[in-house]
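Read the structure below first, then the notes.
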Amino acid sequence: MIAAVAYASFIYYIAPTSIIPYPYYFPEINTHQMNVTNDKNATVPTILNLDEISTAHVLIIGDRMGKALENYKESIASTLSINTQDTVKIVIAADNHQGLHRSLHLLKQLKKLPPVIVYHGASEELFEKKFFSKDSETILKNIDLYQDHRIQTLLHIFPKISKFLYTLIDRVKMKALPSEDKSDYTTKEAMQALEIGYKLYELELEELIQLAIAKHSQLILMTTPINFEVIPKKICEFSTSNSIMDEQNRIFGLMQSGDYKQAFSELEKLLEVMPGNALSAFMMGQTLRHLGALTESVSYYEQSSALECGTWRATSVHNSIIKKHAQKYNLFLLDFHSIVNNELGQNTLFLDEIFPQNIYYQKAVKRLTEQLKKELTL
Numbered sequence: 032m033i034a035a036v037a038y039a040s041f042i043y044y045i046a047p048t049s050i051i052p053y054p055y056y057f058p059e060i061n062t063h064q065m066n067v068t069n070d071k072n073a074t075v076p077t078i079l080n081l082d083e084i085s086t087a088h089v090l091i092i093g094d095r096m097g098k099a100l101e102n103y104k105e106s107i108a109s110t111l112s113i114n115t116q117d118t119v120k121i122v123i124a125a126d127n128h129q130g131l132h133r134s135l136h137l138l139k140q141l142k143k144l145p146p147v148i149v150y151h152g153a154s155e156e157l158f159e160k161k162f163f164s165k166d167s168e169t170i171l172k173n174i175d176l177y178q179d180h181r182i183q184t185l186l187h188i189f190p191k192i193s194k195f196l197y198t199l200i201d202r203v204k205m206k207a208l209p210s211e212d213k214s215d216y217t218t219k220e221a222m223q224a225l226e227i228g229y230k231l232y233e234l235e236l237e238e239l240i241q242l243a244i245a246k247h248s249q250l251i252l253m254t255t256p257i258n259f260e261v262i263p264k265k266i267c268e269f270s271t272s273n274s275i276m277d278e279q280n281r282i283f284g285l286m287q288s289g290d291y292k293q294a295f296s297e298l299e300k301l302l303e304v305m306p307g308n309a310l311s312a313f314m315m316g317q318t319l320r321h322l323g324a325l326t327e328s329v330s331y332y333e334q335s336s337a338l339e340c341g342t343w344r345a346t347s348v349h350n351s352i353i354k355k356h357a358q359k360y361n362l363f364l365l366d367f368h369s370i371v372n373n374e375l376g377q378n379t380l381f382l383d384e385i386f387p388q389n390i391y392y393q394k395a396v397k398r399l400t401e402q403l404k405k406e407l408t409l
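Residues 32 to 409 (the working numbering) make up the sequence shown, in order.
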């Protein structure tokens, strides 16, 4: 009995109070300032004044995707300010390597949220370490526990119960600036990282939406354009073998010679043997596109992006989560991914592996500006 009381006291003392079982935490900060970078190579953080953010009409958050909208900030503000007494103030707090967890942390420091928040990110969610691999199984169990609506209700009423409901783990302490996770993960660890990463992203997006609702801010979500023409960078070891790679090389030869019908037939057989190979799915997407079956090719391209053993960019899973939550909460969705990839096979869509051509940014910005006019009742 004494031992049980002692153990309970120990857990109560060391376990964090956390309604959502995030495997990371942010240390105490200056509540009037936040650190962000304005350059991907920066070593000294730029200081964002939180009061300045709170007085913005529009706040743009996210990672490198949101930061790219900096190029259009002045034109958006200028258009929105026509026939108004005051200039519409737009603040961009998006930055390189800034996952949703960092954007969310920033918003939590604000006493008042801007009237409109635009979120455009999802492309660097696992750039930095957010959890320790040794705790992967426990993290997944804690998340599953939280997803029970009865548990969520209980935690919101009695937050300190979380100390005893969740299994204790070592949480990652977030640094002032994100630093790249260069860990050499095993295939199992990489797959668990992907699974946990997607689950954390969904929890974070849900919390972002609830925060915006609670603080009476209109939230606009943007999907992230995925460059389907970039070959997968990392194939999961469990999904490949020497024989599969030999077969892929042989089929690639068929594609190079223009025999896409035969390549299609061979890829169908290969995907039956190993459906989880990102490269095979990518090759099928390429093959179907050359055969004129664009709708079918997109399906395989999306599979390929989701099957990669690493998240160096956004995937179809991230976009699916964004779309699902926009529909669930009746939020305005700017489907930037579709704006770009609806012209797949017709034009050069991307400047590089990540960023679309300027013409597509102009189309997206036009739609965004139109929606901002409505949200700000201008």
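Ideal Cβ placement from N, Cα and C applies to all residues, glycine included.
Since we're looking at a predicted model, the values are computed, not measured.
Identify whether HIS247 lies in helix, strand or coil by the three-state DSSP scheme.
coil
Hey, ALA99 and LYS120 are a contact pair by Cβ (cut 8 Å); roughly how many whole angstroms apart?
Not really, about 20 Å apart at Cβ, beyond 8 Å.
Is the beta carbon of PRO54 sitting closer than 7 Å to the one on ARG202?
yes
Tell me the residue span of the beta strand (DSSP E) that contains VAL89.
89 to 93
Between the C-alpha atoms of GLN64 and LYS143, what's the straight-line distance to the nearest angstrom?
Per-residue confidence for GLN64 stands at a pLDDT of 48, beneath the threshold of 50, marking its modelled position as unreliable; the derived number appears in the next sentence. Looking at the two C-alpha atoms, the distance is approximately 14 Å.
Please name the residue or residues paired with TYR55 in a DSSP beta bridge.
VAL203
Please say whether ASN350 and THR254 have beta carbons closer to each other than 7 Å?
yes
Leaving out five residues before and five after THR271 in sequence, what residues of the same chain have Cβ atoms less than 8 Å from its Cβ?
MET305, ASN308, LEU310
ASN80 in three-state terms, based on DSSP
strand
Measuring only the C-alpha atoms, how far is LYS397 from ASN80?
29 Å
Are the Cβ atoms of GLU339 and PRO263 separated by less than 7 Å?
yes
Got a sec, what are the start and stop residues for the beta strand (DSSP E) PHE367 sits in?
PHE367 -> not in any beta strand (DSSP E); alpha helix (DSSP H) instead, spanning 367 to 372.
Inspect the CB distances between the stretch 161 to 180 and the stretch 196 to 211 and report whether three or more fall short of 8 Å.
yes
Out of GLY376, ALA357, ASN373, LYS405, point me to the one whose CA is closest to TYR150's CA.
ALA357
In the DSSP assignment, the beta strand (DSSP E) including TYR150 goes from what residue to what residue?
147 to 151
Can you tell me which of the three DSSP states PRO190 falls into?
helix
When you compare each of ILE50, LEU225, ILE251 to ARG344 by their alpha carbons, which one comes out closest?
LEU225
To which residues of the same chain is ILE42 closer than 8 Å at the C-beta, ignoring the five residues directly before and after it?
Bear in mind that the predicted position of ILE42 carries a pLDDT of just 43, short of 50, making it unreliable; the figure below should be weighed with that in mind. The answer, listed in chain order, is LYS194, PHE195, LEU199.
Could you check what DSSP says for SER347 in three-state terms: helix, strand or coil?
helix
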